[in-house]
Amino acid sequence: MLFIRPSKLTDLDALLAISNKVGDGMTSMPKCANSWELKLQSSARAFDCHKSGQQDCYFMVLEDSDSGAIAGTTAIYNGIGTTQPFYSYQRSTITNKSISLNTSKQNETLTLVEHFKGATEVGSLFLLPQYRQPGVGQMLARARYLLMADATERFSERVMAELRGWFNEAGDSPLWQALGSKFFDMPFQSAVTIAATEGSTFITELMPKHPIYVDLLPQAAREVLSKPNDSSAPALRMLEKEGFRHSGLIDLFDGGPSVDILLSEIKTIKDSRVSRFASTDKLNTGDQDFYITNTALQDFCMTMAKGRISDNGTLLLAQQTIDLLKLEQHNSSVRFVSVMHSKKSNSLNSRAA
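Given below as structure tokens:
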């Protein structure tokens, strides 16, 4: 069975191997062992603490219980922009009028902003190709919302996600070539690596402080504003199904779109239920598929399994599922939500900076 749990330091080698498969632009998946070690230590502290910190990282992995292999990743980043600036470009339209010519002209601009300071970000979504089966990609995505539902006091009311921007066949970002490279004088991946490992101070120091007129950019750059990478399209569809909406903000490096929502409005959170559980050996293939958590934080665990709701509201589960979630070691309750099977949601990755 596949299950999701908090990451551990012993996952470092597996995560380093995965991060080398995700391609450029996914800043939350470093290609450096030291950076991973710091990230895993930070996540362990967040799961162990009795209260949330200023900028917490809750990094989780998808594990195959049969082989012990790490199959995917997902994460929550709380309080973004509170210790390091979190920058975006705000897409806006301004109108200039000429009285003498009796005419007006609208121009789109890009303005550097810190709109999401203090928000909770969901990201680091990646699933190895061999595990891309119905419901598994969705499982990684929805694990974050079920964790937030179990501990809402730890997370900001505003939740956002940032998708990777579009790259051409050569692996280049048209927006970076037209804009970012002019201010940083370095390759795209070098800037991404610095942002991921050393923070965003250099952005404050080097990026333009005044609005940039979009009409001055080449057409190739204009066309990719708010356009997600092809590999991020499934993740965007899942976010939209949860109720996330486009914010008008984009990543300042590659132009990928940002979406956001209020935590209380996330569909998985609204649809999830908490109930008692009991063991049964009467389940069959016709029973419903659920995503189920053990409602614990430090030993958080989630899986996808068959279940049946009894007349008194108890969720009946196979003993194998109960054992996997370690339910009898924690409490008598589970949180669960129905699986929405979709073949389009299995090949995915999104980004958290």
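If you're matching positions, the sequence shown starts at 61 in our numbering and goes up one per residue.
We put the CB at the ideal spot given by N, CA and C, even for glycine.
These figures come from a predicted structure and were not determined experimentally.
### Message
Check whether the region 222 to 240 and the region 194 to 208 touch, using three or more Cβ-Cβ pairs below 8 angstroms as the test.
### Response
Result no; under three Cβ-Cβ pairs closer than 8 angstroms.
### Query
Relative to the alpha-carbon of Leu419, which residue among Asp116, Lys91, Thr153, Gly183 has its alpha-carbon at the smallest distance?
Any property of residue 419 remains undetermined from this structure, which presents the chain solely from 61 to 413.
### Task
Throw me the rounded Cβ distance for the Val173 and Gln144 pair, which I believe falls under 8 angstroms.
About 15 angstroms; that fails the 8 angstroms criterion.
### Message
Can you give me the C-alpha to C-alpha distance between Asn162 and Thr155, rounded to a whole angstrom?
### Response
When rounded, the distance between both Cα atoms is 13 angstroms.
### Query
Would DSSP call Tyr118 helix, strand or coil?
Residue state, collapsed to three classes: strand.
### Beta-carbon contacts of Leu312 that lie in its chain and below 6 angstroms, excluding the five residues immediately before and after
So the qualifying residues of the chain are Tyr147, Tyr149.
### For Leu309, the three-state DSSP class (helix, strand or coil)
Judged by DSSP in its simplified three-state form, Leu309 adopts strand.
### Task
Could you please give me the residues that DSSP links to Tyr191 through a beta bridge?
Bridge partners of Tyr191 according to DSSP: none are assigned.
#### Entry: Pairwise C-alpha distance: Met208 and Tyr351
In a straight line, the C-alpha of Tyr351 is about 14 angstroms away from that of Met208.
### Query
Where does Met298 fall in DSSP's three states?
Here Met298 sits in helix by DSSP.
### Message
Considering only DSSP beta bridges, list what Lys366 is partnered with.
### Response
In DSSP, Lys366 forms a bridge with Asp349.
### Query
Under 8 angstroms between the Cβ atoms of Phe215 and Thr133?
No, the Cβ-Cβ distance between Phe215 and Thr133 is not below 8 angstroms.
#### Entry: Neighbourhood of Leu100 by C-beta, 8 angstroms cutoff - its chain only, sequence neighbours within 5 removed
Around Leu100: Ser67, Lys68, Leu69, Asp71, Leu72, Leu75, Phe119.
### Message
Going by DSSP, what residue range makes up the alpha helix (DSSP H) through Tyr205?
### Response
Per DSSP, Tyr205 is one residue of the alpha helix (DSSP H) stretching across 196 to 210.
### Task
Please classify Leu322: is it buried, with 16 or more other beta-carbons within 10 angstroms of its beta-carbon, or exposed?
By the neighbour-count rule (16 or more Cβ atoms within 10 Å), Leu322 is not buried but exposed.
### Limits of the unbroken beta strand (DSSP E) element including Glu97
Counting along the chain, Glu97 falls outside any beta strand (DSSP E), though it belongs to the alpha helix (DSSP H) covering 93 to 108.
### Message
Just to confirm the assignment, what range does the alpha helix (DSSP H) spanning Phe244 have?
### Response
For Phe244, the enclosing alpha helix (DSSP H) stretches over residues 241 to 244.
### Cβ-based burial, Gln380 [other Cβ within 10 Å; buried from 16]
Here Gln380 is exposed. Its C-beta has fewer than 16 other C-beta atoms within 10 Å.
### Query
Between Ala256 and the rest of its own chain, which residues show a CB-CB distance below 6 angstroms, the 5 nearest in sequence each way excluded?
Scanning its chain for C-beta atoms nearer than 6 angstroms, with the 5 sequence neighbours on each side dropped, one finds around Ala256 the residues Thr87, Pro90, in chain order.
### Task
Leaving out five residues on either side along the sequence, give the residues of the same chain with a beta carbon under 8 angstroms from the beta carbon of Glu325.
Apart from the 5 residues on each side of it in sequence, Glu325 sits with its Cβ closer than 8 angstroms to the Cβ of Gly303 in its chain, given in chain order.
### Query
For the region 312 to 339, which segments carrying the alpha helix (DSSP H) assignment without a break, of at least 4 residues, lie completely within its bounds, in sequence order?
Correct list: 327 to 331.
### Task
Could you tell me which residues DSSP pairs with Gln166 in its beta bridges?
Thr155, per the DSSP bridge assignment.
### Task
My understanding is that Ser127 touches Leu384, with C-beta atoms under 8 angstroms, so please give their C-beta distance in whole angstroms.
Not a contact, Cβ separation roughly 14 angstroms.
### Message
Restricting to Cα atoms, I'd like to know which of Ala295, Cys361, Gln237 is closest to Val394.
### Response
By alpha-carbon distance to Val394, the top candidate from Ala295, Cys361, Gln237 is Cys361.
### Query
Grouping DSSP H, G and I as helix and E and B as strand, with all else coil, what is Val274?
Reduced to three states, the DSSP call for Val274 is helix.
### Query
Ordered along the chain, which non-local residues of its own chain (more than five positions away) have a Cβ less than 7 angstroms from that of Phe63?
The beta carbon of Phe63 lies closer than 7 angstroms to those of Glu123, Ser125, Cys361, Met362, Thr363, Leu384 in the same chain, with the five residues before and after it left out.
### Task
Would you check if the region 272 to 290 and the region 233 to 242 touch, i.e. whether three or more CB-CB distances between them fall below 8 angstroms?
Segments in contact, yes.
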